[in-house]
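Count along the sequence shown from 1, then add 81; that gives the number in the working numbering. Every residue, glycine too, gets a C-beta built ideally from N, C-alpha and C. Values in this document were obtained by computation on a predicted structure and should not be read as measured data. One structure is given below, encoded as structure tokens.
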Amino acid sequence: MSDRIFVGVDNGVTGTLGAVPEEGDWSLFTRMPTYRSKEYMRSKTRYMTHLDPVALEKFFRDLATKGPLTIVTERPLVNPKLFKATMSAVRCHEILLATMRRMGLSLYATWDSRDWQSKVLGKLEKGETKPASLAKGLELYPDHAEMMKRHGDADGILMAHWLRECVLTKEASQTET
């Protein structure tokens with residue numbers, strides 16, 4: 082088994098997964114695996130998008146063949162005024178945690194999006210984060226340009242990038258003392 086793999090999980094059914102190694106030049110960036118099914122909460126036929134726990138587990142298992150995983154995710158949106166989006170975000174977060182627990186994985190951290198974005202992207206005004214994320218992702222990981230442009234941001238891989246930087250900086254400072 083090789084070096085650690087740092088994984089960023091941009092939570093939600095429209096989120097992304099990113100991975101970067103401790104050392105080496107490969108990286109991975111993909112959309113969250115999802116599926117659609119009928120929603121039975123209303124009389125009208127509607128469909129809902131759900132996080133696919135089977136595909137998520139496969140993603141983690143395949144990645145774990147390259148090295149031990151260090152994983153970070155974003156805190157899910159919780160806003161009573163945005164009830165439907167909140168429910169979706171919390172459901173995704175719960176599926177993520179349950180899948181990881183079943184696999185014996187644990188989170189390194191749960192970050193608030195504003196915290197990691199301010200460190201990686203700098204101080205931004207409201208509405209500027211997606212374009213800034215896309216630009217930074219294209220700068221650091223041009224191999225994933227098509228996927229980033231199609232998705233509109235690079236949050237998953239930028240979270241993995243920042244996690245690697247945080248962990249390695251922390252470990253370096255501990256060995257110096």
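Would you decide whether residue i is buried or exposed? Buried here means 16 or more other CB atoms lie within 10 Å of its CB.
{"i": "V88", "result": "buried"}
{"i": "F278", "result": "The displayed coordinates of the chain run from 82 to 258. Any statement about residue 278 would go beyond what the structure contains."}
{"i": "M82", "result": "Only weak support is given to the placement of M82: the predicted model assigns it a pLDDT of 46, under 50, and the value that follows is read from those uncertain coordinates. By the 10 Å Cβ count, M82 comes out exposed."}
{"i": "P161", "result": "exposed"}
{"i": "Y121", "result": "exposed"}
{"i": "P157", "result": "buried"}
{"i": "A170", "result": "buried"}
{"i": "W192", "result": "buried"}
{"i": "W243", "result": "buried"}
{"i": "D106", "result": "exposed"}
{"i": "K119", "result": "exposed"}
{"i": "K217", "result": "buried"}
{"i": "R231", "result": "exposed"}
Quick test of your reading: residue i and residue j, contact by CB under 8 Å. State the CB separation rounded to the nearest angstrom.
{"i": "V94", "j": "T115", "result": "5 Å"}
{"i": "T151", "j": "G237", "result": "Actually they are not in contact, since the Cβ atoms of T151 and G237 sit about 14 Å apart, beyond 8 Å."}
{"i": "I260", "j": "L221", "result": "What the structure shows of the chain is the stretch from 82 to 258, and residue 260 is not part of that stretch, so it cannot be assessed."}
Taking Cβ positions, are residue i and residue j nearer each other than 7 Å?
{"i": "A145", "j": "A241", "result": "no"}
{"i": "Y189", "j": "V159", "result": "no"}
{"i": "L117", "j": "Y128", "result": "Here residue 117 turns out to be Arg, not Leu, going by the sequence shown. Going by C-beta atoms, R117 is nearer than 7 Å to Y128."}
{"i": "S33", "j": "E155", "result": "The structure shown has nothing for residue 33, since the chain only spans 82 to 258."}
{"i": "L205", "j": "A213", "result": "yes"}
{"i": "R85", "j": "E104", "result": "no"}
{"i": "K207", "j": "G233", "result": "no"}
{"i": "M228", "j": "L215", "result": "no"}
{"i": "H174", "j": "N92", "result": "yes"}
Counting only beta-carbon separations shorter than 7 Å, does residue i have a partner in chain D?
{"i": "Y116", "result": "The structure shown contains no chain D, having only a single protein chain."}
Practice item. Would you mind listing the alpha helix (DSSP H) stretches within the stretch 94-169 that are 4+ residues and don't spill past its ends, in chain order? Key: Complete alpha helix (DSSP H) runs here, min 4: 134-145.
Review point. Residue ranges of each alpha helix (DSSP H) run of no fewer than 4 residues wholly in the stretch 194-220, ordered along the chain?
Key: Counting only runs of 4 or more, we get 194-202.
Check your understanding: Are three or more beta carbon pairs between the stretch 198-214 and the stretch 178-187 nearer than 8 Å?
Key -> They do not touch, by the three-pair rule.
Exercise for review: May I ask you to verify whether the stretch 101-115 touches the stretch 237-253, counting CB pairs closer than 8 Å and requiring at least 3?
Suggested key: In the pairwise beta carbon analysis, the stretch 101-115 is classified as touching the stretch 237-253: at least three pairs are separated by under 8 Å.
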